[in-house]
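Everything below concerns the one structure shown next.
Number of protein chains: 4
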Amino acid sequence: MPRVSEEHLERRRQQILDAARVCFARKGFYDTSMQDVFAEAELSAGAVYRYFKSKNDIIAALANQTAVPLMGLLTEQLDLDPLPTPGDLVQVIAQHVVDSSHTGGIVRLAPQAWALALVDPDAGGYVKEAMTGIRGFWQDYAVRMQAAGWLPADADPQAVGAAMFGVLPGFILQHLIVGDISPESLAAGVRTLMPYGEPG
Amino acid sequence: MPRVSEEHLERRRQQILDAARVCFARKGFYDTSMQDVFAEAELSAGAVYRYFKSKNDIIAALANQTAVPLMGLLTEQLDLDPLPTPGDLVQVIAQHVVDSSHTGGIVRLAPQAWALALVDPDAGGYVKEAMTGIRGFWQDYAVRMQAAGWLPADADPQAVGAAMFGVLPGFILQHLIVGDISPESLAAGVRTLMPYGEPG
Amino acid sequence: MPRVSEEHLERRRQQILDAARVCFARKGFYDTSMQDVFAEAELSAGAVYRYFKSKNDIIAALANQTAVPLMGLLTEQLDLDPLPTPGDLVQVIAQHVVDSSHTGGIVRLAPQAWALALVDPDAGGYVKEAMTGIRGFWQDYAVRMQAAGWLPADADPQAVGAAMFGVLPGFILQHLIVGDISPESLAAGVRTLMPYGEPG
Amino acid sequence: MPRVSEEHLERRRQQILDAARVCFARKGFYDTSMQDVFAEAELSAGAVYRYFKSKNDIIAALANQTAVPLMGLLTEQLDLDPLPTPGDLVQVIAQHVVDSSHTGGIVRLAPQAWALALVDPDAGGYVKEAMTGIRGFWQDYAVRMQAAGWLPADADPQAVGAAMFGVLPGFILQHLIVGDISPESLAAGVRTLMPYGEPG
DNA sequence: CATGAATGAGATTTCATTCAT
DNA sequence: AATGAATGAAATCTCATTCAT
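Chains as they are written, first to last, in my numbering: chain A, 281 to 480; chain B, 281 to 480; chain C, 281 to 480; chain D, 281 to 480.
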């Protein structure tokens, strides 16, 4: 029973998750076989199963760590002064989607996670949590818009957050499936519809 | 029972599609086995395969006929006079989503179709087509908003349509996964953000 | 219960057998589905099953009627005067193989029947019978060769017939699978090896 | 039990091929199910599919390794001094057929391979190759017969080889299907017809 | 800690045959 | 006599997971 550093273990875990992400982005959760993951990770079946107890376990780990960078970006934006306009905010977020769809294909996992959430209660749980977090961001942003005088004092931040929530999945779907949209274009549309804080 | 009417054949097809829709809504495309469909349709394997040559064929047929009623509803809205406000429009659409999620579970298929589109080129094709149609509606609506004087004359309807596109997937995801949103609430948020044509 | 002439019935039977022969020659007994036969015969399932009680029944009928024309040809040769030399005889037989492989593909059925005979007792029975008939021809021919003074008086016609038997399957296989042999070439080889009755 | 020897792997492969040969000899390529092979090999489905990627793959492997021992025997005969007479040669070959029909049923596969060759292009390829090899042997033998003065100097070895080719399939069919022939009897017939080099 | 051979349930699809009309 | 929709058993092959080495 040789001793292995904590660090080594963590590296292996990440190696597996990276491989799985690549595979899942390429072929989806279902059409990716564990054999595909073994091959991409250059690891044996036994090795992978030492770190994750099932395929679902890998998916869950991936889903959990996937939402993190986005939430970080969003939170940053809230702390900016002056508050970014809706157009600016949307552009930053959309740009993040485009960037991360190049590096590792994280976004391609999002629609698959949504689909999984409808069918698998575990996935339902953590996808719901991630969505609630993101919507919470929009609701916080609505509060800040109110504070900036962009929205009426009696506006309902919950409702406003729910309305803005669609921007992100809307862009993801158009980017991944229709494939003909840029962050700038999306932001231009938002600026037209919600010209709060925009010059002119 | 040979020599049956054209109508009988069509009824059988629909019977199979209905059964498949129920199954897919319940367990997803992948976890639904053909046996599940046979059982739900109360038909034998051979009978189902007389009408559809593969499981994918059923999914495709379902996907194609699913987008139709929504597009009908959307088109109707464009012809109304006076033009519905963004809030009214969104409320009608969201209500349609809620209704059809009760009757037969059509909307539950949407996120699964998005996921499939990323992985299966055929699905990619028809999902893209459906999305383009829906976005086209929003772009037409943007033109009408311009004509109504709600948007500046130099606004880009393409960009505006792309921005509004997210409303629908955003509501679907919140409705199906987070489960705590009403058409009224969404519409209220939209009215706050885009008060075009709203009283006051 | 409409009356139908005996002749009509027989024509239908033959129509089905012809279709089956074409299908079997094309794809073999196993890869030919009954659906293929229905389509080729331009008849419904029920119609075909009125005339033959099973797929095996069709195969058996086909096998039985297939050997007949060849046996007819062989018997004719025995009655000729003077007796054909081995080379002449072989050439006639090989030419028959080539001809009938153009018209309807009967010969292509032979190797399939041999294979079936090893596996299916019924087929074993009638294929054995057909083979015994053909070998009987060669044994009769051996007797005639003896009478012509081409073989020693103490020769065993049974053994000679067994030895000559291979000429036909040998040609069929070379013709169908290797595909590079003519009746003339085969006959030339036979004349070289068994120059009985040949000039010079 | 990972990290097994190369030898272990090879043994497993052979174990599967042996089982398949037994099954195929018994029930034919088509009526043998993969389940039959699993049971005969005492291995699971997954195990078999680790070594062969399809049923056709097993058939191909079997066909390829089946022709080898016969070709070895034939080649040996060509090197003998003095050259075997046709009768002796045929007897040796026929005896090999009889022997190997006891040990493992290899010969029973031959007619099935012929049938398959007519229907499956892959099989067509390797069966043709094997046949060409065997016919090549007979053509070499014809050259040697010429050298021995048994055949005229102007004989065509190609044609002679083609004519002799039938001896082997002829014996196989009589042995397997008619079932009433011995190597001695076949050889006697050959000696009568082609008494080259025979005493007297 | 790592390997990878082995398992075996389960998935999709085909097809000979039947029988109500 | 003829139709052709329907049946349902069975076939091939995949794949997440385990465990002896």
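All C-beta atoms in this analysis are idealised placements derived from N, C-alpha and C, irrespective of residue type, glycine included. Quick caveat: nothing in here was measured; it's all calculated off a predicted structure.
TODO: Along the alpha helix (DSSP H) that carries Gly450(A), what are the first and last residues, could you check?
DONE: As a first step, residue 450(A) is located in the first sequence; it is residue number 170 there, counting from the start. Gly450(A) -> alpha helix (DSSP H) spans Val447 to Leu453.
Open item on the list: Whole angstroms are fine: how far does the CA of Pro479(C) sit from the CA of Trp481(D)?
Closed with: Nothing about residue 481(D) can be read from this structure; chain D reaches only from 281 to 480.
Task: Close-in-space but distant-in-sequence residues of the same chain around Cys303(D) (CB under 6 Å, 5 per side omitted) - done: Locating residue 303(D) in the fourth sequence gives position 23, where the first residue counts as 1. Here the set comprises Thr312, Asp316, Val317 and Glu320.
Open item on the list: Let me check understanding here. Comparing Cα to Cα, which of Pro475(A), Val399(A), Gly446(A) and Thr412(A) lies closest to Asn336(A)?
Closed with: In the first sequence, residue 336(A) corresponds to position 56, counting from 1. The residue with the shortest Cα to Cα distance from Asn336(A) is Val399(A).
- [ ] Closer than 7 Å by beta-carbon distance: list the chain A residues that pair up with Asp420(B), in chain order.
- [x] The count along the second sequence starts at 1 and reaches residue 420(B) at position 140. Neighbours of Asp420(B) on chain A: none; closest Cβ ~14 Å, over 7 Å.
Task: 8 Å contact criterion, which Gly441(B) and Gln426(B) should meet: CB distance rounded - done: Residue mapping note: residue 441(B) aligns to position 161 of the second sequence, counting from 1. Residue mapping note: residue 426(B) aligns to position 146 of the second sequence, counting from 1. Contact flag wrong, Cβ pair sits at about 12 Å.
Open item on the list: Along the chain, where does the alpha helix (DSSP H) containing Glu478(B) start, and where does it finish?
Closed with: Working through the second sequence from its first residue, we reach residue 478(B) at position 198. In this chain, Glu478(B) is not harboured by any alpha helix (DSSP H), its DSSP state being neither H nor E.
TODO: Spell out whether any CB of chain B is found under 8 Å from the CB atom of Ile457(A).
DONE: Along the first sequence, read from residue 1 onward, the residue named residue 457(A) stands at position 177. Yes, because at least one Cβ of chain B sits closer than 8 Å to the Cβ of Ile457(A).
Task: Members of the region 331 to 358 of chain D that neighbour chain C once the beta carbon cut-off is set at 7 Å - done: none
- [ ] Report buried or exposed for Ala428(C), applying the criterion of at least 16 other Cβ atoms within 10 angstroms of its Cβ.
- [x] In the third sequence, residue 428(C) corresponds to position 148, counting from 1. The residue is exposed, with fewer than 16 neighbouring Cβ atoms inside 10 Å.
Open item on the list: Three or more C-beta pairs under 8 Å: does that hold for the region 366 to 374 of chain A against the region 284 to 299 of chain A?
Closed with: no
Open item on the list: Measuring only the C-alpha atoms, how far is Gly446(B) from Gly469(A)?
Closed with: By 1-based counting over the second sequence, the position of residue 446(B) is 166. By 1-based counting over the first sequence, the position of residue 469(A) is 189. Approximately 12 Å, taken between the alpha carbons.
Open item on the list: Does Thr346(A) pass the burial test, meaning 16 or more other C-beta atoms within 10 Å, or should it be called exposed?
Closed with: Along the first sequence, one-based indexing puts residue 346(A) at 66. That one is buried.
Task: Residues within the region 428 to 448 of chain D neighbouring chain C, beta-carbon criterion of under 8 Å - done: Leu431, Pro432, Ala435, Asp436, Gln438, Ala439, Val440, Gly441, Ala442, Ala443, Met444, Phe445, Gly446, Val447 and Leu448
Task: Per-residue DSSP class, three states only, for Gly367(B) - done: For the purposes of this step, residue 367(B) is taken as the residue at position 87 of the second sequence. Helix at Gly367(B).
Open item on the list: Can you look up Trp394(D) in the DSSP assignment and give me helix, strand or coil?
Closed with: As a position in the fourth sequence, residue 394(D) is number 114, starting the count at 1. Helix.
- [ ] Mind checking which residues open and close the alpha helix (DSSP H) that includes Ser465(C)?
- [x] Position 185 of the third sequence, counted from the first residue, corresponds to residue 465(C). Taken as a continuous stretch (DSSP letters only), the alpha helix (DSSP H) holding Ser465(C) covers Pro463 to Leu473.
Open item on the list: I need the straight-line Cα distance from Ser324(B) to Glu322(C), nearest angstrom please.
Closed with: Your numbering for residue 324(B) matches position 44 in the second sequence. Your numbering for residue 322(C) matches position 42 in the third sequence. Using only the alpha carbons, I get a separation of about 26 Å.
Task: Collapsed DSSP secondary structure at Glu544(C) in the structure displayed - done: Since the first residue shown for chain C is 281 and the last is 480, residue 544(C) is missing from the structure and cannot be characterised.
- [ ] Could you name the residues of chain A that Ile461(B) contacts, counting a contact when the two beta carbons are closer than 8 Å?
- [x] Taking the first residue of the second sequence as 1, we reach residue 461(B) at position 181. Result: Ala442.
TODO: Go through its chain and collect everything with a Cβ distance to Ile338(D)'s Cβ below 6 Å, but skip five positions before and after it.
DONE: For the purposes of this step, residue 338(D) is taken as the residue at position 58 of the fourth sequence. The beta carbon of Ile338(D) lies closer than 6 Å to those of Ala300 and Phe332 in the same chain, with the five residues before and after it left out.
TODO: Return yes when the Cβ of Gln392(C) is within less than 8 Å of the Cβ of Ala395(D), no when it is not.
DONE: One-based indexing of the fourth sequence puts residue 395(D) at position 115. One-based indexing of the third sequence puts residue 392(C) at position 112. Yes. Within cutoff.
TODO: Could you work out which residues of chain B lie near Asp311(A), taking near to mean beta carbons separated by less than 8 Å?
DONE: Taking the first residue of the first sequence as position 1, residue 311(A) is located at position 31. Going along chain B in sequence order, the residues near Asp311(A) (Cβ under 8 Å) are Val399.
TODO: Could you pull out every residue in the same chain whose Cβ sits closer than 6 Å to the Cβ of Pro437(C), ignoring the five residues on either side in sequence?
DONE: Mapped onto the third sequence, residue 437(C) falls at position 157. Correct list, in chain order: Gln419, Ala422 and Val423.
Open item on the list: Taking the straight line between their C-alpha atoms, what separation do you get for Gly459(C) and Gly308(D)?
Closed with: Here residue 459(C) is taken as the residue at index 179 of the third sequence, counted from 1. Here residue 308(D) is taken as the residue at index 28 of the fourth sequence, counted from 1. Answer to the nearest angstrom: the Cα atoms are 25 Å apart.
Open item on the list: Could you tell me the alpha carbon to alpha carbon distance between Gly477(B) and Arg471(B), rounded to whole angstroms?
Closed with: Locating residue 477(B) in the second sequence gives position 197, where the first residue counts as 1. Locating residue 471(B) in the second sequence gives position 191, where the first residue counts as 1. Going from the Cα of Gly477(B) to the Cα of Arg471(B) covers about 9 Å.
Open item on the list: Counting only Cβ pairs nearer than 7 Å, list the residues of chain B close to Met314(A).
Closed with: The residue given as residue 314(A) occupies position 34 in the first sequence. One finds nothing in chain B with a Cβ atom closer than 7 Å to the Cβ of Met314(A); even the nearest lies about 15 Å away.
Open item on the list: Mapping the DSSP letters down to three states, classify Val440(B) as helix, strand or coil.
Closed with: Along the second sequence, read from residue 1 onward, the residue named residue 440(B) stands at position 160. Here Val440(B) sits in helix by DSSP.
Open item on the list: Let's test the definition: count the other Cβ atoms within 10 Å of the Cβ of Met281(A) and tell me whether it reaches 16, buried, or not, exposed.
Closed with: For the purposes of this step, residue 281(A) is taken as the residue at position 1 of the first sequence. With a pLDDT of 42 at Met281(A), under the threshold of 50, the modelled position of that residue is not reliable, and no figure is offered here.
Open item on the list: Determine whether the beta carbon atoms of Val387(B) and Ile461(B) lie at a separation below 8 Å.
Closed with: Your numbering for residue 387(B) matches position 107 in the second sequence. Your numbering for residue 461(B) matches position 181 in the second sequence. No.
- [ ] Select from His382(C), Phe417(C), Pro366(C) and Glu464(C) the residue whose C-alpha is nearest the C-alpha of Pro475(C).
- [x] Residue numbering aside, residue 475(C) sits at position 195 when the third sequence is read from its first letter. Here the closest residue by C-alpha is Pro366(C).
Open item on the list: Assuming Glu409(C) is part of the alpha helix (DSSP H), what are its boundary residues?
Closed with: Locating residue 409(C) in the third sequence gives position 129, where the first residue counts as 1. Here the alpha helix (DSSP H) through Glu409(C) covers Pro401 to Ala427.
TODO: Would you please state the rounded distance, in angstroms, between the beta carbons of Gln357(C) and Pro364(C)? I believe it to be under 8 Å.
DONE: Here the question's residue 357(C) lines up with position 77 in the third sequence. Here the question's residue 364(C) lines up with position 84 in the third sequence. Their Cβ separation, rounded to whole angstroms, is 6 Å, which keeps Gln357(C) and Pro364(C) in contact under 8 Å.
Task: Val377(C) to Lys408(B) span [Cα, whole Å] - done: For the purposes of this step, residue 377(C) is taken as residue 97 along the third sequence, with counting starting at 1. For the purposes of this step, residue 408(B) is taken as residue 128 along the second sequence, with counting starting at 1. Between the alpha carbons of Val377(C) and Lys408(B) lies a gap of roughly 58 Å.
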